[in-house]
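J.: Have a look at this one before I ask anything.
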Amino acid sequence: MDHHQQQQQQGSEPSTTTKVERKIIERNRRNKMKDLYSKLNSLLPSYSPTEVLPLPDQIDEAVKYIKSLEKKVKMAKEKKERLLKGRNNKKRSRGFDEKNITKSPMIDVHEMGNSLLQVVLTCGFENKFLFNEIIRILHEEKVEIVSANSSSQPGDSMIHVLHAEIPSAFQQFGAARVSERLKRFVNGSISDVEIDPGFWDDFEIDTDIWELPDLSSVVSKGFSNPL
Numbered sequence: 004m005d006h007h008q009q010q011q012q013q014g015s016e017p018s019t020t021t022k023v024e025r026k027i028i029e030r031n032r033r034n035k036m037k038d039l040y041s042k043l044n045s046l047l048p049s050y051s052p053t054e055v056l057p058l059p060d061q062i063d064e065a066v067k068y069i070k071s072l073e074k075k076v077k078m079a080k081e082k083k084e085r086l087l088k089g090r091n092n093k094k095r096s097r098g099f100d101e102k103n104i105t106k107s108p109m110i111d112v113h114e115m116g117n118s119l120l121q122v123v124l125t126c127g128f129e130n131k132f133l134f135n136e137i138i139r140i141l142h143e144e145k146v147e148i149v150s151a152n153s154s155s156q157p158g159d160s161m162i163h164v165l166h167a168e169i170p171s172a173f174q175q176f177g178a179a180r181v182s183e184r185l186k187r188f189v190n191g192s193i194s195d196v197e198i199d200p201g202f203w204d205d206f207e208i209d210t211d212i213w214e215l216p217d218l219s220s221v222v223s224k225g226f227s228n229p230l
């Protein structure tokens, strides 16, 4: 082999090596893609090991399945948002209802000695008229009101405290009768009590604080346990 032939042979060797390398790289790439397609196909609901679909069909099935999953995810997010919104609205509604529940009025009547009464009324602002009605009932029963005051309490409620003196002529049964009538009135049994709004047209009472000048004389009689 002459010198010229040797040069041609040496020049062709790198070219042949490059072609072989390219073939190996391409074969590896194809095998890798084939493996990826196989894994993707195994994730499809329609996958069957015994029935291998052509590659284009596998890709079509995968695209359809991915789109269906995207739709399901979107629907799930919308449902979650609706549920969260509904729960928040329910919480706000429940909080509003709890805040606006009417507080049932409560009355306690304590006999303090033979002639003294302590009346304690607890109610919501919407029932504050009850205090005026209690004063009206006491006037009807000829009971002398010694002191009366009102104050607000936490939770949108009011507490009204009233001290009264039973006339000596009614001391034996008067306290019990007045106590029973007040309780029946506040608890709703008011068949014997007609609420007359006009009664207060000419009779105004400041329920924030009302002290009568003869309180000291009542205290000296034995009024020693105020609220």
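For the sequence shown, position 87 (counting from the first letter as 1) is numbered 90 according to our numbering, and the numbering increases by one without interruption. Ideal Cβ positions, reconstructed from N, Cα and C, are used throughout, including at glycine.
Assign residue 19 to one of three DSSP states: helix, strand, or coil.
T.: Residue 19 falls in the helix class under three-state DSSP.
J.: If I'm right that residue 131 touches residue 161 with Cβ under 8 Å, what's the distance once you round it to whole angstroms?
T.: Right, the Cβ-Cβ distance comes to about 6 Å (below 8 Å), so this counts as a contact.
J.: Look at the Cβ atom of residue 167, then the Cβ atom of residue 149, and state whether they are nearer than 8 Å.
T.: Cβ atoms of residue 167 and residue 149: closer than 8 Å.
J.: Of the choices 83, 189, 85, 169, whose alpha-carbon is the least far from that of residue 135?
T.: Taking only the C-alpha atoms, the option nearest residue 135 is 189.
J.: The alpha helix (DSSP H) with residue 141 in it runs from where to where?
T.: Start and end: 132-143.
J.: With a CB to CB cut of under 6 Å and the five nearest residues on each side skipped, what residues in its chain are close to residue 22?
T.: Contacts found: none.
J.: Any idea what DSSP makes of residue 127, helix, strand or coil?
T.: Here residue 127 sits in strand by DSSP.
J.: Given a threshold of 16 other Cβ atoms within 10 Å of its Cβ, counted over all protein chains shown, does residue 121 qualify as buried or as exposed?
T.: By the neighbour-count rule (16 or more Cβ atoms within 10 Å), residue 121 is buried.
J.: I need the straight-line Cα distance from residue 74 to residue 67, nearest angstrom please.
T.: Their backbone Cα atoms lie some 11 Å apart in a straight line.
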